[in-house]
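Here the structure comes first, spelled out in structure tokens, and everything after it is commentary.
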Amino acid sequence: MGRVKERYENSVCYPSKADVFRAFELTQLRDIRVVILGQDPYHGAGQANGLAFSVHAGQKAPPSLRNILKEVWDDAGGMPWVDLTRWAEQGVFLLNAVLTVEEKKPGSHSNFGWEAFTDEVIRTISQQQPHVVFMLWGNYAQKKTTLIDSTKHLVLQAPHPSPLSAYQGFFGCKHFSQANAFLEGRGLNAVKW
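The sequence shown begins at 11 in my numbering and counts up by one.
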């Protein structure tokens, strides 16, 4: 991870160093009920907060998050909070496959070693947790299905929530109500989206 350290010392990177592992701090392995997988953090100032698709309270929702919140509202009556910390505190693990990024350079920290780390995280969740819902949106996330035991977990797939693909099946996918039905069917608490 030397390249990540070097970039933080010589460039503007997100999230802040203190928030790089925030998803892991807020959602312990034993508490994970849902995994939502993103690609890498938002690359605009003040947005990335260490949780996939989430931004700091008071920030304007980026387009993908806006579409996620619209689907949550339509599907499960969830509230339009841009900071998804309250989901994380309920066992929703908001994991980006790459945990850091340079300002205004999406994908800039790909192939720095993050993918090997987060693939192992997904594999560990699949192996050690009994009933988890994995929400895989878009081709990038869906490639991770090989890491998940679909005989004991619910794997939900849809197009990415970006404006380019949201109308091709993300809207109306009903992943949030499906997740709660799966959890409740196994005696687990539903998520308050």
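Glycine included, each C-beta is placed from N, C-alpha and C at the ideal position. Bear in mind that the values here come from a model prediction, so they are computed numbers and not experimental data.
Please classify glycine 197: is it buried, with 16 or more other beta-carbons within 10 angstroms of its beta-carbon, or exposed?
-> Position 187 of the sequence shown, counting from 1, holds the residue named residue 197. Looking at its Cβ environment, which holds fewer than 16 other Cβ atoms inside 10 Å, glycine 197 is exposed.
Could you tell me the distance, in whole angstroms, from the CA atom of glycine 56 to the CA atom of leucine 146?
-> By one-based count along the sequence shown, residue 56 stands at place 46. By one-based count along the sequence shown, residue 146 stands at place 136. Roughly 26 Å between the two C-alpha positions.
Just mark asparagine 59 as buried or exposed, buried being the case when its beta carbon has 16 or more other beta carbons within 10 Å.
-> Counting from 1 along the sequence shown, the entry for residue 59 is found at position 49. Taking every protein chain shown into account, the CB of asparagine 59 has 16 or more other CB atoms within 10 angstroms, so this residue is buried.
Taking three-plus beta-carbon pairs below 8 Å as touching, is the region 84-98 in contact with the region 182-199?
-> yes
C-beta contact flag for aspartate 29 and asparagine 106 at 9 Å | As a first step, residue 29 is located in the sequence shown; it is residue number 19 there, counting from the start. As a first step, residue 106 is located in the sequence shown; it is residue number 96 there, counting from the start. Not a contact, by the Cβ cut-off of 9 Å.
Give the range of the alpha helix (DSSP H) segment to which alanine 189 is assigned.
-> On the sequence shown, residue 189 is found 179 positions in, with the first residue counted as 1. Its alpha helix (DSSP H) spans residues 185-195.
Beta-ladder partner(s) of tyrosine 24, from DSSP = Translated into positions along the sequence shown, residue 24 becomes position 14. Answer is Val111, bridged to tyrosine 24.
For tyrosine 177, does the count of other Cβ atoms within 10 angstroms reach 16, so buried, or fall short, so exposed?
-> Locating residue 177 in the sequence shown gives position 167, counting from the first residue. With fewer than 16 other Cβ atoms within 10 Å, it is exposed.
Assigned secondary structure, glutamine 211 (DSSP; H/G/I helix, E/B strand, else coil) = Here the chain comprises residues numbered 11 to 203, so residue 211 is not present and cannot be evaluated.
CA-CA distance, aspartate 41 and valine 65?
-> To locate residue 41, count along the sequence shown from 1; it is residue 31. To locate residue 65, count along the sequence shown from 1; it is residue 55. Taking the straight line joining both Cα atoms gives about 22 Å.
Quick one: Cα of phenylalanine 34 to Cα of phenylalanine 103, how far?
-> Position 24 of the sequence shown, counted from the start, is the residue given in the question as residue 34. Position 93 of the sequence shown, counted from the start, is the residue given in the question as residue 103. If I take the Cα positions, the gap works out to 8 Å.
Would you mind sorting serine 288 into buried or exposed? The rule is 16 or more other CB atoms within 10 Å of its CB.
-> With the chain running from 11 to 203 in the structure shown, residue 288 is simply not present.
Using alpha carbons as the reference points, say which of Pro73, Thr134, Leu75 and Phe144 lies closest to histidine 185.
-> Translated into the one-based positions of the sequence shown, residue 185 becomes position 175. Each of Pro73, Thr134, Leu75 and Phe144 was checked against the Cα of histidine 185, and the nearest Cα belongs to Phe144.
Please check the pair valine 44 and glycine 101, which I expect to be a contact at CB under 8 Å, by giving their CB distance rounded to whole angstroms.
-> The count along the sequence shown starts at 1 and reaches residue 44 at position 34. The count along the sequence shown starts at 1 and reaches residue 101 at position 91. That pair is a contact at about 7 Å.
Does arginine 133 get closer than 9 Å to chain B when you measure Cβ to Cβ?
-> This model lacks chain B altogether, as it is built from one protein chain only.
Residues in its own chain within less than 6 Å of glutamine 152 by CB, not counting five upstream and five downstream?
-> For the purposes of this step, residue 152 is taken as the residue at position 142 of the sequence shown. Cβ neighbours of glutamine 152 beyond the five flanking positions: Leu146 and Gln167.
Short check: CB of leucine 39 to CB of glutamine 138, under 9 Å?
-> Stepping through the sequence shown from its first residue, residue 39 is reached at position 29. Stepping through the sequence shown from its first residue, residue 138 is reached at position 128. Closer than 9 Å, so yes.
Tell whether a beta-carbon distance below 9 Å holds between serine 172 and serine 26.
-> Position 162 of the sequence shown, counted from the start, is the residue given in the question as residue 172. Position 16 of the sequence shown, counted from the start, is the residue given in the question as residue 26. Not closer than 9 Å, so no.
Residues in its own chain within less than 8 Å of serine 175 by CB, not counting five upstream and five downstream?
-> The count along the sequence shown starts at 1 and reaches residue 175 at position 165. Excluding sequence neighbours, serine 175 sits near Gly148 and Pro169.
For the alpha helix (DSSP H) that contains glycine 48, what are its first and last residues?
-> If you number the sequence shown from 1, residue 48 lands on position 38. Where glycine 48 is concerned, there is no enclosing alpha helix (DSSP H), although the beta strand (DSSP E) it sits in stretches over 44-48.
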